[in-house]
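Presented below is the structure to which this report refers.
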Amino acid sequence: MRFRETAALAACVLLFAIVPPRAQPQAPSPERHVQQQRLWETLQKLGEFGKNPEGGVSRVGFTEEDLAGRAYVIGLMKEAGLDVRTDPAGNIFGHRAGTEALPPILFGSHIDSVPHGGNFDGDVGSLGAVEVIRALNDKNQKTRHPLEVVVWTNEEGGRFYAGLFGSTAAAGLLPADIASRRDDNGQLLADWLKRMGGDASRLPEARIAKGAYAGYLELHIEQGGTLETAEIPIGVVQGIVGISVRTCTAAGFANHAGTTPMNQRKDALAAASRAVLAVREEVRREPGRQVGTVGWMRVEPGAANVIPGRVQFPVELRDLDKERINRIAARILARFEIIAREENVEIVCTPPDLHEPAITSPAFRDAIRGAAASAGLKTTDLPSGAGHDAQNVARFAAMGMIFVPSKGGISHSPLEFTPPDQVANGAEVLYRTIMILDAALDAAARP
Ligand SMILES: [Zn+2]
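Just so you know, we're using the working numbering here: the sequence shown kicks off at 111 and counts up by one.
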């Protein structure tokens, strides 16, 4: 999940027409291709880079710790026989040849963390991808499509305020001034990019064209508690939710708290408080998994003996369905009008900053379900409430995401944890999904 929800998201989601995988009922074959212990050992080793005293990692993107972690993963990719290159945005790609002249199947995640983060967010998907390659090598298993493992640069955006940096570059959506950005210490992003094998002057070349890849898969921890509570090992992600954020201002009149009678007040905080509850009521008014949050409030002048004259607060709404977001927002704004009238204040909201939802490919969801069933693992469909690189990839390729449980639903914390067998379940489903898609995609191109 991103540290900051700032990067541009997909404006439209492209679902490439693909041949759906043949759903032939098979007896589950629980025998694993991936090796749990080997995968776990690499996860533990990666956790050494930027290790913090609490047991997690602080491996923020564009730092020495990130550089060291990247070097370790590049080493693993090379050991697995991958042909490794770094693009101008610092994204790491490891290529394995296929038997046919087809676009590669891309899969991976990120290895940077939030400050005081955990060992699993991003790492499970990146090292799970490398383990898939090792498992294929073990059996000398060939694929029709070339396979590419990707580690996206600076997903969390802990520095330079550029979350989803690498995948945003791949989608061709980076702001033009990005390379000249400096962090709070005056360091230049372009300089760090160079140290990571990137090149700020060639950033537009990191853009990936539609059709360049047959599809994208990302294995990730859920970062919520749905799977653990339901005791289901594999989540099939329906999509990454859209986010709409408005900043609203309630304007009343600041006056003496002792001398202004109760019926003559224009109390902006009383109105804003009712507005917060109205947001919750309107989000809950219809069934679904939509969420709505007022995450902060700025009260002016902010004194015990003054009636608040002005209050600012955001209204953030998330859902997979943009229409639902718009519908709920309209109801909320209508409620704000009534509250404003009754409280004798004005409530004005900015136009929404809207990040579009990114829907996963239905055919990829079917493939993930089929893969899990063949490994004897139960699945459930769920949305991702957190942002992921996959939402940018949706701009240029069909994509799917596999979730594994997060203990206690905790993430972005040193307490983040997924047990070794559940990590291995995810990698196994990734392996089998790739094999299903390898057979099904571009079937017409087969001689
Ligand atoms: Zn992540």
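Positions of the beta carbon are idealized from the N, C-alpha and C atoms, including for glycine.
Bear in mind that the values here come from a model prediction, so they are computed numbers and not experimental data.
In terms of side-chain proximity, the C-beta atom of G179 is found no nearer than 6 Å to any non-hydrogen atom of ligand 1. When A289, G307, L547 are compared, the shortest CA-CA separation from P314 is found for A289. In this structure, G232 has its beta carbon less than 6 Å from a heavy atom of ligand 1. When the five nearest sequence neighbours on each side are left out, the beta carbons in the same chain lying within less than 6 Å of the beta carbon of G218 are those of S236, A239, V259, V260, V261, in order along the chain. DSSP places K488 outside both helix and strand once states are collapsed to three, so it counts as coil.
Along the length of the segment 396 to 424, whole beta strand (DSSP E) runs at least 3 residues long occupy 401 to 403, 408 to 410, reported in chain order.
For L298, the pairing in a beta bridge is given by DSSP as R292. Spanning the alpha carbons of G335 and S516 requires a straight line of approximately 6 Å. Taking C-alpha positions only, M187 is separated from Y323 by approximately 19 Å. Ranked by Cα distance from D233, the first of I546, A534, D548, R408 is A534.
The beta carbons of P493 and R399 sit closer together than 7 Å. Across the set N436, G419, T339, the C-alpha of N436 shows the shortest separation from the C-alpha of E426.
The beta carbon of P138 sits closer than 7 Å to the beta carbons of A483, S484, A485, G486 from its chain, once the five residues preceding and following it are set aside; these are given in chain order. If you ignore the 5 residues before and after R291, its C-beta comes within less than 8 Å of the C-beta of F270, Y271, A272, L298, L299, all in its own chain and listed in chain order.
The alpha carbon of W150 has as its nearest neighbour, out of R542, R441, G536, A553, the alpha carbon of G536. Spanning the alpha carbons of E391 and G405 requires a straight line of approximately 16 Å. About 7 Å separates the Cβ atoms of A280 and V503, confirming a contact at the 8 Å cut-off. Here DSSP, grouped into helix, strand and coil, assigns I202 to strand. Per the C-alpha coordinates, the member of T152, I353, A178 positioned closest to A190 is T152. A direct Cα-Cα distance of roughly 25 Å separates N454 from V393.
With respect to the 7 Å criterion, D222 and G171 are classified as neighbours on the basis of their beta carbons. Look at Q251 here: in three-state DSSP terms it is coil, with no helix or strand label.
The way I'd put it, the segment 409 to 424 does touch the segment 372 to 385; three or more beta-carbon pairs between them come closer than 8 Å.
By the beta-carbon neighbour count (other beta carbons within 10 angstroms, threshold 16), T263 is buried. Beta-bridge partners assigned by DSSP to W262: H220. Rounded to whole angstroms, G362 and T370 show a C-alpha spacing of 13 Å. In terms of CA proximity to A310, P285 leads the group E328, G325, P285, L329. By the Cβ rule, the segment 354 to 368 does not count as touching the segment 541 to 548, because fewer than three pairs are nearer than 8 Å. In terms of CA proximity to A199, E265 leads the group D193, E265, R542. In the three-state reduction of the DSSP assignment, V393 falls in the helix class. Between the alpha carbons of A211 and G325 lies a gap of roughly 15 Å.
Within a 10 Å sphere around the beta-carbon of G419 sit 16 or more other beta-carbons, which makes this residue buried. At the C-beta level, P467 and V351 come within 7 Å of one another.
Contact between T209 and R244 is ruled out by a C-beta separation of about 19 Å, above the 8 Å threshold. Residue environment: D491 is assigned as exposed (fewer than 16 neighbouring CB atoms within 10 Å of its CB, all protein chains considered).
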